[in-house]
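Notes follow the structure.
In the numbering used here, the protein residues as written are 2 to 495.
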């Protein structure tokens, strides 16, 4: 059986400032640094603590200095990877006073989580905070602007070493006339491990059609090295595979490729070589692709010039890359006008690729050992804790608008988390293939959707209540506005 808990506080729709390092405002019995308190209310810390309490973690010691709510999964000596969402250092939505609150996991949520990890490790073990953001993300800038560097300084000043890990193989330093510059290697002492799924992959269902997989800003031939008939491999950062426990801390948002990103999609950020991540199949829907809906010779040319643009950028030939970028966009404009189809690069509700990639990655993280071998039993514990104080709606994941909810949600299974998140957002589970495919459900822990629906969710608001997920209903003021390429296709009762 799985476990999921939702803590709600309608007065907690903002984050504490970094002035007091996101410390709690109450001297809780188990709190380590008694002199370090926030001089204003820190409801984010309180919400996480309520989740632990409602879940019954270390119930006998609750209210005492010995309370160790994560002690049943984190033991002294363990390596713990905390996996936030650090997708980008810029929000494409330019009209926001605080562009990061709906874009990336807030450091105040990690402060509360790490405090309890420190308690569980009892001075022995390792804490790593890491993600593989988009290739063009300036991670040091993101960490500085959001307050993460202040958070890490707090722990360092108290003798707690937090390893900060950029899990990407490559990053780019910027753009030249609007195109990405040549990728540079990201410093990473551990590298990666290639995990081979073969016929166990959800993509194997498409093998007979020999699809041409594509990832934006990476060459098709590089992706094909990882995905072709009877071969489906993923290059996962070794840090993730070395972890005994992964605390997954997503920032739920609408998403142009997947419709929604939450617990399961957040694990795309454990991939070292992003060329191994199929995002779409080139071509139109009727001919076995899912990059766009309707057949268009102009969009076929668009795809070809997109590939050339990428190749020239990787080679450092920026002028040639820019010319191909201009031609690509022109082909898209003409193709959209002539076919009456605005979709491209898999950014629409007909994408049949990205959810398969997500299912594969989650399976790898559950069952692959440190050498990348798939085992019969789970190899590490995964706990998902969602930053839902402020989520992101509309043009997510990189141009979202704030959707304040005042929530923290915790689950020990990504399917449980995402199923409840769909309900909160007002989206129909049946519109998302991951929940309609029995094989995918079984890969991630459930024999059927009906079995998942019978799990109980613990809800802590003014009082505590429990109900089956099938009986849990979202409220009107919780509903999200979907991404423009998904709007009208995934909402309940549409």
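Yeah, the Cβ is synthetic: ideal placement off N, Cα and C, and Gly gets one too.
Note that this is a predicted model, so its numbers are computed, not measured.
With a cut-off of 8 Å on the beta carbons, I'd call residue i and residue j a contact; round off their distance for me.
i: residue 111; j: residue 250; result: 6 Å
i: residue 398; j: residue 256; result: 5 Å
i: residue 204; j: residue 361; result: 7 Å
i: residue 187; j: residue 169; result: 5 Å
i: residue 481; j: residue 408; result: About 13 Å separates the two Cβ atoms, so there is no contact after all.
i: residue 350; j: residue 479; result: That pair is no contact at about 21 Å.
i: residue 92; j: residue 400; result: 6 Å
i: residue 122; j: residue 165; result: Going by Cβ atoms, the distance from residue 122 to residue 165 rounds to 17 Å, so no, they are not a contact pair.
With a CB to CB cut of under 7 Å and the five nearest residues on each side skipped, what residues in its chain are close to residue i?
i: residue 218; result: 136, 181 and 311
i: residue 288; result: 296
i: residue 63; result: 54
i: residue 267; result: 84, 86, 249 and 251
i: residue 485; result: 396
i: residue 465; result: 55 and 459
i: residue 335; result: 299
Taking all protein chains shown into account, do 16 or more other C-beta atoms lie within 10 angstroms of the C-beta of residue i, making it buried, or fewer, making it exposed?
i: residue 313; result: buried
i: residue 1; result: As shown, the chain starts at 2 and ends at 495. That puts residue 1 outside it, with no answer to give.
i: residue 283; result: buried
i: residue 298; result: exposed
i: residue 79; result: buried
i: residue 17; result: buried
i: residue 444; result: buried
i: residue 379; result: exposed
i: residue 131; result: buried
i: residue 430; result: buried
i: residue 260; result: buried
i: residue 174; result: exposed
i: residue 176; result: exposed
i: residue 60; result: exposed
i: residue 41; result: exposed
Measuring only the C-alpha atoms, how far is residue i from residue j?
i: residue 242; j: residue 192; result: 11 Å
i: residue 8; j: residue 326; result: 46 Å
i: residue 410; j: residue 395; result: 21 Å
i: residue 511; j: residue 144; result: Residue 511 lies beyond the range of the chain shown here (2 to 495); nothing can be said about it.
i: residue 448; j: residue 318; result: 51 Å
i: residue 3; j: residue 142; result: 38 Å
i: residue 58; j: residue 258; result: 36 Å
i: residue 208; j: residue 453; result: 29 Å
i: residue 221; j: residue 337; result: 23 Å
i: residue 492; j: residue 483; result: 8 Å
i: residue 442; j: residue 340; result: 36 Å
i: residue 45; j: residue 52; result: 11 Å
i: residue 253; j: residue 303; result: 31 Å
i: residue 239; j: residue 127; result: 15 Å
i: residue 21; j: residue 161; result: 17 Å
With a threshold of 8 Å between beta-carbons, can residue i be considered close to chain C, or not?
i: residue 480; result: In the displayed structure, chain C is absent; only one protein chain is listed.
Going by the C-beta, is residue i closer than 7 Å to any heavy atom of the ligand SAM?
i: residue 226; result: Ligands in the displayed structure: none, and consequently the ligand SAM is not present.
Leaving out five residues on either side along the sequence, give the residues of the same chain with a beta carbon under 6 Å from the beta carbon of residue i.
i: residue 475; result: 424, 425 and 427
i: residue 1; result: Missing from the structure shown is residue 1; the chain here goes from 2 to 495 and no further.
i: residue 24; result: 37, 38 and 39
Ignore the nearest five residues each way along the sequence and tell me which others in residue i's own chain have a CB closer than 8 Å to its CB.
i: residue 35; result: 28
Contact between the stretch 80 to 92 and the stretch 138 to 153: three or more CB pairs below 8 Å? Between the stretch 80 to 92 and the stretch 138 to 153, the count of Cβ pairs shorter than 8 Å is three or higher; the stretches touch.
- request: Mind the definition here: the stretch 270 to 277 touches the stretch 90 to 104 only if three or more C-beta pairs lie below 8 Å; say whether that holds.
  value: Segments in contact, no.
Any contact of the stretch 437 to 445 with the stretch 354 to 368, i.e. 3+ C-beta pairs under 8 Å?
With a cut-off of 8 Å, the stretch 354 to 368 and the stretch 437 to 445 count as touching, because enough Cβ pairs lie within range.
- Evaluate the contact criterion for the stretch 4 to 15 versus the stretch 390 to 402: three or more CB pairs, one atom per stretch, below 8 Å. Contact holds: three or more Cβ-Cβ distances are below 8 Å.
Does the stretch 194 to 207 come into contact with the stretch 369 to 378, if we say contact requires no fewer than three beta-carbon pairs (one atom in each stretch) closer than 8 Å?
In short, these stretches touch, since the Cβ pair count reaches three.
Query raised in the report: If you pair each beta-carbon of the stretch 21 to 30 with each one of the stretch 406 to 425, do three or more pairs fall below 8 Å?
Result: Verdict: no, contact absent.
> Touching or not, the stretch 343 to 350 and the stretch 287 to 303, by the rule of three or more beta carbon pairs under 8 Å?
Replying inline: As far as the Cβ criterion goes, the stretch 343 to 350 touches the stretch 287 to 303, which means the pair count is three or higher.
*Report yes or no: do three or more beta-carbon pairs, one from the stretch 460 to 474 and one from the stretch 223 to 234, lie closer than 8 Å?*
Contact fails: fewer than three Cβ-Cβ distances are below 8 Å.
(Q) Can you confirm whether the stretch 52 to 70 touches the stretch 111 to 123 when touching is taken to mean that 3 or more C-beta pairs between the two stretches lie within less than 8 Å? (A) Contact between the stretch 111 to 123 and the stretch 52 to 70 is present, because at least three Cβ pairs lie under 8 Å.
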